[in-house]
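Asker: Supplied in structure tokens, the structure appears directly below.
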Amino acid sequence: MKDILNQNLEQILSLEIPTERREILQVLIDYIKDKRKKEQPIRLNFICTHNSRRSQFSQVWAQTAADYFQIPAQCYSGGVEVTACNERTVASLERMGFIVSKHGHSNPIYFALHTQDSRPIILFSKLYDDVINPHGIFASVMTCSHADENCPFIPGAEARIPVRYEDPKAFDDTAEEAAQYDARSRQIAGEMFFVFSRVTI
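In case it helps, this note's numbering puts the sequence shown at residues 8 to 208.
Right under this line is the structure:
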């Protein structure tokens, strides 16, 4: 699995980030840089409506990128409704090379590891203010337009940063499903690695 992830990381690190996306990501880069300069905790809570696809991808890839560049960031995710971490999201992460274990049934908890000895990234659908998430001094990173537009206030957030992605849900149960989930995963991965690579400059 590690070899598969390393192969994917080579491709991800070489992805070209379009200028318009770089401008969007710069706000997140500046936030993280400022926290590092002040030697304050870096906490990012990625938020989408159901906490099942884009916010989960974002949490996993942001934490992986932070660990890769040795930035002491803590990455979380949440939603405005509780459903379940979508199995298609989990399947895509496994195709990328993550080691994933499943615990429970109706709203399973998944542990994702990027190496055998890494700290597990905990994935399950939850509200953005779930007990597992930070309740103060964090940035809320809004990954979908619905949550961004319908949840105008996130209690405890010191910054609100829109980084929106298209929902791969549109391709569920189609021949393009796996390819589209992997494409969104790679896009998010590329952007999160871009963000943390710039933090070190």
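Backbone N, C-alpha and C fix where the C-beta goes; we use that ideal spot for every residue, glycine too. Please read these numbers as outputs of a predicted model, since none were measured by experiment.
Assuming the contact rule is C-beta atoms closer than 8 Å, R167 and S147 should be a hit. Round their C-beta distance to whole Å, please.
Answerer: The pair is a contact, with the Cβ atoms about 5 Å apart (cut-off 8 Å).
Asker: If you follow the beta strand (DSSP E) that K109 is in, where does it begin and where does it stop?
Answerer: Its beta strand (DSSP E) spans residues I106 to H110.
Asker: Please give me, in chain order, every unbroken run of the alpha helix (DSSP H) with length at least 4 that falls completely inside the region 48-132.
Answerer: Runs of the alpha helix (DSSP H) inside the region 48-132: 61-75 and 94-103.
Asker: Do the region 49-59 and the region 84-93 make contact, defined as three or more Cβ pairs closer than 8 Å?
Answerer: The region 49-59 vs the region 84-93: in contact.
Asker: Label T181 either buried or exposed according to how many other C-beta atoms from any shown protein chain fall within 10 Å of its C-beta, with 16 as the threshold for buried.
Answerer: Label assigned to T181: exposed.
Asker: Going by beta-carbon coordinates alone, are L20 and F200 separated by less than 8 Å?
Answerer: Yes. Within cutoff.
Asker: Can you check the region 126-187 for any beta strand (DSSP E) of at least 3 residues that lies completely inside it and give the ranges in chain order?
Answerer: Fully enclosed beta strand (DSSP E) runs of 3 or longer: 128-130, 145-149 and 164-169.
Asker: Under DSSP, the alpha helix (DSSP H) around K42 begins and ends at which residues?
Answerer: Segment T26 to K44, the alpha helix (DSSP H) holding K42.
Asker: Just to confirm, are L12 and H153 a CB contact at a threshold of 8 Å?
Answerer: No, Cβ-Cβ distance for L12 and H153 is not below 8 Å.
Asker: Could you confirm whether any beta carbon from chain C is found closer than 8 Å to the beta carbon of A98?
Answerer: Absence of chain C from the displayed structure is noted, only one protein chain being present.
Asker: Would you identify the three-state DSSP class for S192, choosing helix, strand or coil?
Answerer: Note: S192 maps to helix in three-state DSSP.
Asker: Among the candidates G197, I36 and S62, whose CA atom is the shortest distance from the CA of I129?
Answerer: With distances taken between Cα atoms, I129 lies closest to S62.
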